[in-house]
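Participant: Dropping the structure in here first, questions after.
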Amino acid sequence: MITGAASLAAGIWTLHFIAMLGFRVAGSPVRYNVSLTLISLVVAFLVVGLGVLMVGYGTNRNRSLAFGGLATGVGVAAMHYTGMASVQINGSTHYRVELVVASLAIAVAAATAALWLAFNIRSFGGAIIAALVMGVAVSSMHYTGMAAVSADLAPDPLPVAGATAMEFLVPLSIGLGALLLAGFTVIAVSPVELGPRDDDDDDEPGAEQRENLFAPPTREVRAMRERAAARPPAPPTPLRRAEHARPLPTRTPARDEEQAKNDPPVVQSWLTRPDSRS
Numbered sequence: 001m002i003t004g005a006a007s008l009a010a011g012i013w014t015l016h017f018i019a020m021l022g023f024r025v026a027g028s029p030v031r032y033n034v035s036l037t038l039i040s041l042v043v044a045f046l047v048v049g050l051g052v053l054m055v056g057y058g059t060n061r062n063r064s065l066a067f068g069g070l071a072t073g074v075g076v077a078a079m080h081y082t083g084m085a086s087v088q089i090n091g092s093t094h095y096r097v098e099l100v101v102a103s104l105a106i107a108v109a110a111a112t113a114a115l116w117l118a119f120n121i122r123s124f125g126g127a128i129i130a131a132l133v134m135g136v137a138v139s140s141m142h143y144t145g146m147a148a149v150s151a152d153l154a155p156d157p158l159p160v161a162g163a164t165a166m167e168f169l170v171p172l173s174i175g176l177g178a179l180l181l182a183g184f185t186v187i188a189v190s191p192v193e194l195g196p197r198d199d200d201d202d203d204e205p206g207a208e209q210r211e212n213l214f215a216p217p218t219r220e221v222r223a224m225r226e227r228a229a230a231r232p233p234a235p236p237t238p239l240r241r242a243e244h245a246r247p248l249p250t251r252t253p254a255r256d257e258e259q260a261k262n263d264p265p266v267v268q269s270w271l272t273r274p275d276s277r278s
């Protein structure tokens with residue numbers, strides 16, 4: 001799950017940053033503050049991971065989904081506007097509040113829908129749909145947030161500090177390649193159960209729980225646990241005393257002679273071997 005959350009956060013940030021590289025302001029060069037750009041990446045990892053873990057390990061499914069979608073949506077919006085704060089131009093930028101609120105609402109709603117699809121539809125098609133929903137969510141939020149930006153240029157052109165878009169491409173490509181390699185390595189070395197086990201019983205209460213490890217216990221499982229907790233402990237089994245072995249009979253000359261009479265006679269063969277010369 002941690003690997004999935006990291007992949008999701010990296011994908012969201014990459015989509016956002018590639019779209020940011022296309023941002024242009026007529027009459028001014030565009031530069032990027034490296035520190036704020038990296039902070040936006042850290043924000044994406046933290047809040048997206050928090051949202052996924054809340055949905056995955058929450059006991060109340062609806063509440064966990066609501067809080068997880070809220071955390072993920074707010075995190076995506078925070079990542080976007082932190083990245084926008086890293087943009088340096090020869091002037092200043094302003095935001096329309098109504099479009100900022102709209103972008104936040106889009107991010108929360110779409111993130112909640114994507115998390116619901118990811119954790120409730122156990123199929124390849126469901127995973128594709130969840131990925132498409134998340135991609136549409138990030139894109140819609142990004143361009144809604146970009147529509148809220150307006151720039152006021154300074155009357156006198158001044159040099160703009162920061163890194164250019166091309167200076168980010170090489171480290172971005174290397175970082176994405178390393179992340180993909182690490183993800184494939186984790187997936188390759190992870191143990192995978194290819195089929196059902198022999199001891200699996202679909203009719204057993206709680207069998208459905210094994211299909212979804214993050215679901216709360218069912219009513220049958222809770223009842224079984226309550227009965228097991230209320231059952232008095234079984235008394236200890238008393239140990240059986242070991243039986244004493246019978247004593248060996250005492251040997252006497254008379255007993256030895258009688259034993260010798262009862263034993264079968266020993267027959268010795270005096271025939272010579274075929275290869276014997278005597």
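In terms of UniProt numbering, the sequence shown has 115 at position 115, counting the first letter as 1, and numbering is strictly consecutive.
Backbone N, C-alpha and C fix where the C-beta goes; we use that ideal spot for every residue, glycine too.
Who are the Cβ neighbours of S92 in its own chain at under 6 Å, not counting the five residues just before and after it?
Facilitator: The answer, listed in chain order, is D152.
Participant: Skipping 5 residues on each side, what residues in its chain have a beta carbon closer than 6 Å to that of A154?
Facilitator: So the list reads N90 and G91, once near-sequence residues are dropped.
Participant: Name the two residues that bound the continuous alpha helix (DSSP H) containing L65.
Facilitator: R61 to A85 is the extent of the alpha helix (DSSP H) around L65.
Participant: Report the residue from M146, E257, N33 and I121 whose alpha carbon sits nearest the alpha carbon of E98.
Facilitator: With distances taken between Cα atoms, E98 lies closest to M146.
Participant: Check for me: the beta strand (DSSP E) holding A151 runs from which residue to which?
Facilitator: Residues V149 to L153.
Participant: With a cut-off of 8 Å on the beta carbons, I'd call L115 and T164 a contact; round off their distance for me.
Facilitator: Not really, about 36 Å apart at Cβ, beyond 8 Å.
Participant: Whose CA, out of E226, P233, M134 and A228, lies closest to the CA of V76?
Facilitator: When only C-alpha atoms are compared, the closest one is M134.
Participant: Which value, in whole angstroms, describes the spacing of the CA atoms of M79 and R225?
Facilitator: If you take the alpha carbons of M79 and R225, they lie about 44 Å apart.
Participant: Could you compute how far the alpha carbon of S7 sits from the alpha carbon of I174?
Facilitator: If you take the alpha carbons of S7 and I174, they lie about 15 Å apart.
Participant: Taking the C-alpha atoms as reference points, what is the distance between G22 and L46?
Facilitator: Straight-line Cα distance between these residues: approximately 26 Å.
Participant: Going by Cα to Cα distance, which pick from G69, P171 and N62 is closest to I18?
Facilitator: For the residues G69, P171 and N62, the minimum Cα distance to I18 belongs to P171.
Participant: For A5 and P235, I'd like the C-alpha separation in whole angstroms.
Facilitator: Looking at the two C-alpha atoms, the distance is approximately 49 Å.
Participant: Compare the C-alpha of R63 against each of T112, V42 and E167 and name the closest.
Facilitator: For R63, the nearest C-alpha among the options comes from T112.
Participant: Helix, strand or coil for A163, going by three-state DSSP, please let me know.
Facilitator: Correct three-state label for A163: strand.
Participant: List the DSSP bridge partners of S28.
Facilitator: Partner(s): V25.
Participant: So, R31 versus G162, is the Cβ gap smaller than 8 Å?
Facilitator: It is a contact, given that the beta carbons lie within the stated cut-off.
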